[in-house]
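Participant: Before I ask anything, here is the structure I am working with.
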Amino acid sequence: MAIVVRIDVELAKRKMSVGEFAERIGLTPANVAVLKNGRAKAVRFTTLEAMCRVLGCQPGDLLEWVDDDPGDPGAPGTSTPFNAAPKQAEGQ
Numbered sequence: 018m019a020i021v022v023r024i025d026v027e028l029a030k031r032k033m034s035v036g037e038f039a040e041r042i043g044l045t046p047a048n049v050a051v052l053k054n055g056r057a058k059a060v061r062f063t064t065l066e067a068m069c070r071v072l073g074c075q076p077g078d079l080l081e082w083v084d085d086d087p088g089d090p091g092a093p094g095t096s097t098p099f100n101a102a103p104k105q106a107e108g109q
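The numbering of the sequence shown is this note's numbering, which starts it at 18 and goes up by one.
Dropping the structure here:
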């Protein structure tokens with residue numbers, strides 16, 4: 018999975034339970050668990066906004082993109098820049 022959810026880290030920093038968090042953002046604890054465990058397929062901006070407001074954080078504190086394929090030479094964060102010319106085979 019390329020997106021890692023870090024809600025549990027932010028909850029632990031604030032010593033806040035999932036139940037309290039769920040109540041404060043207007044979701045059920047079960048739905049918070051789906052988000053927290055990375056099983057959600059989408060997150061509404063209104064939910065993300067509520068989570069950030071309650072936790073006093075930025076969206077990037079809750080969600081992180083992690084490269085699934087570190088061998089992809091065109092992926093951001095790799096050593097090969099996007100505009101690099103492809104390597105020529107020997108003898109060409």
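The C-beta atom is built at its ideal place from N, Cα and C for all residues, glycine as well. The structure displayed is predicted, hence computed values, not measured ones.
Give the straight-line distance between the Cα atoms of ASP25 and PRO87, rounded to the nearest whole angstrom.
Facilitator: ASP25 and PRO87: Cα-Cα distance of roughly 26 angstroms.
Participant: Which ranges does the alpha helix (DSSP H) cover as unbroken runs of at least 4 residues, wholly within the stretch 29-99, from first to last along the chain?
Facilitator: As far as the stretch 29-99 is concerned, its whole alpha helix (DSSP H) runs of at least 4 residues are 35-42, 46-53, 62-72, 76-79.
Participant: Of all the options ALA57, LYS53, GLU37, which has the alpha carbon lying nearest to the alpha carbon of ASP78?
Facilitator: When each option's Cα is compared against that of ASP78, the closest is LYS53.
Participant: Answer with buried or exposed for ILE20, where buried requires no fewer than 16 other C-beta atoms within 10 angstroms of its C-beta.
Facilitator: The residue in question, ILE20, is exposed, as its Cβ has fewer than 16 Cβ neighbours within 10 Å.
Participant: In angstroms with no decimal places, state the Cα-to-Cα distance between VAL71 and ASP85.
Facilitator: Cα-Cα distance, rounded: 30 angstroms.
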